[in-house]
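Step one of this worksheet: look at the structure below.
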Amino acid sequence: MTAAVTPGREVVLETDRLLLRPWRVAEAVIQRELWTERDPRVPPHRRIDADGHPTVAELEDSIRTDHPSSIGLLAVERKAARDVIGYCGLIDGGRESPREPELAFELLRRSWRQGYATEASWAVLDWARLSGYERLWATVWDWNTASRRVLTKVRFTETERKEVDPTHGTTLLLTRRL
Numbered sequence: 000m001t002a003a004v005t006p007g008r009e010v011v012l013e014t015d016r017l018l019l020r021p022w023r024v025a026e027a028v029i030q031r032e033l034w035t036e037r038d039p040r041v042p043p044h045r046r047i048d049a050d051g052h053p054t055v056a057e058l059e060d061s062i063r064t065d066h067p068s069s070i071g072l073l074a075v076e077r078k079a080a081r082d083v084i085g086y087c088g089l090i091d092g093g094r095e096s097p098r099e100p101e102l103a104f105e106l107l108r109r110s111w112r113q114g115y116a117t118e119a120s121w122a123v124l125d126w127a128r129l130s131g132y133e134r135l136w137a138t139v140w141d142w143n144t145a146s147r148r149v150l151t152k153v154r155f156t157e158t159e160r161k162e163v164d165p166t167h168g169t170t171l172l173l174t175r176r177l
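Mapping the sequence shown onto numbering that gives the first Met the number 0, position 164 (from 1) lands on 163, and the numbers just tick up by one.
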């Protein structure tokens with residue numbers, strides 16, 4: 000994995016097959032596709048609502064106003080195909096401390112089961128370690144076995160903490176020392 004921070008403090012990570020970089024406005028359609036593919040068990044505020052929000056235009060505005068920083072969700076681009084297939088990065092999970100952000104990833108269904116989420120996660124973990132983070136968190140629904148497998152592969156371990164939601168499922172809290 001190689002990492003670079005561009006003048007605006009934009010993080011760019013590269014693996015053998017992937018480039019993780021800031022989102023471009025034209026890629027709002029990919030973000031919208033991610034929203035449309037979400038499992039119906041995902042809470043409504045993370046899915047397209049009855050009025051069709053967020054729209055592509057709203058997602059474009061979000062990309063335009065997102066200020067580059069050392070924490071955020073990076074577009075995952077396949078280098079060979081030059082297409083964006085989802086995101087991976089760090090978010091302020093608000094779990095324990097600002098120095099312990101949360102790993103997050105989501106890929107389009109057509110790119111599942113090819114190791115991209117694991118590869119992107121390793122790149123983010125390597126970058127986080129080089130940036131001085133000592134521990135990361137992750138949350139995952141108990142029913143999301145694919146994401147749980149990815150988190151296991153990148154050596155996250157489940158904690159005793161769980162958030163039970165009878166409608167959407169139990170959210171598991173995992174952690175990893177870097």
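Note that beta-carbon positions come from the ideal geometry of N, C-alpha and C, so glycine has one too.
A quick note: this is a predicted structure, and the numbers were derived from the prediction, not measured.
Beta-carbon proximity of residue i to residue j, cut-off 8 Å
{"i": "A145", "j": "L173", "result": "no"}
{"i": "I90", "j": "Y115", "result": "no"}
{"i": "R77", "j": "L17", "result": "yes"}
{"i": "Q30", "j": "L58", "result": "yes"}
{"i": "L33", "j": "L150", "result": "no"}
DSSP bridge partner residues for residue i (one or two, in chain order)
{"i": "W136", "result": "E101, T174"}
{"i": "I29", "result": "According to DSSP, I29 bridges with nothing at all."}
{"i": "L106", "result": "G85"}
{"i": "V75", "result": "L19, G85"}
{"i": "E157", "result": "L173"}
Cβ-based burial, residue i [other Cβ within 10 Å; buried from 16]
{"i": "Q113", "result": "exposed"}
{"i": "E101", "result": "buried"}
{"i": "E26", "result": "buried"}
{"i": "L129", "result": "exposed"}
{"i": "G71", "result": "buried"}
{"i": "P6", "result": "The predicted position of P6 is uncertain, since its pLDDT is 48 and thus under 50; no value can be drawn from it."}
{"i": "G180", "result": "The structure shown does not extend to residue 180, since the chain spans only 0 to 177, so no value can be given for it."}
{"i": "K161", "result": "exposed"}
{"i": "W126", "result": "buried"}
{"i": "P43", "result": "exposed"}
Under the three-state DSSP convention, the category residue i falls into
{"i": "I47", "result": "coil"}
{"i": "D60", "result": "helix"}
{"i": "C87", "result": "strand"}
{"i": "R16", "result": "coil"}
{"i": "K152", "result": "helix"}
{"i": "T166", "result": "coil"}
{"i": "T117", "result": "helix"}
Selection from the options that minimises the alpha carbon distance to residue i
{"i": "D38", "options": "E76, W142, G88", "result": "W142"}
{"i": "R134", "options": "R154, G51, L106, T117", "result": "R154"}
{"i": "E159", "options": "T170, L150, K152, V149", "result": "T170"}
{"i": "L73", "options": "V10, D48, G168, T64", "result": "V10"}
{"i": "R175", "options": "W22, R45, W121", "result": "W121"}
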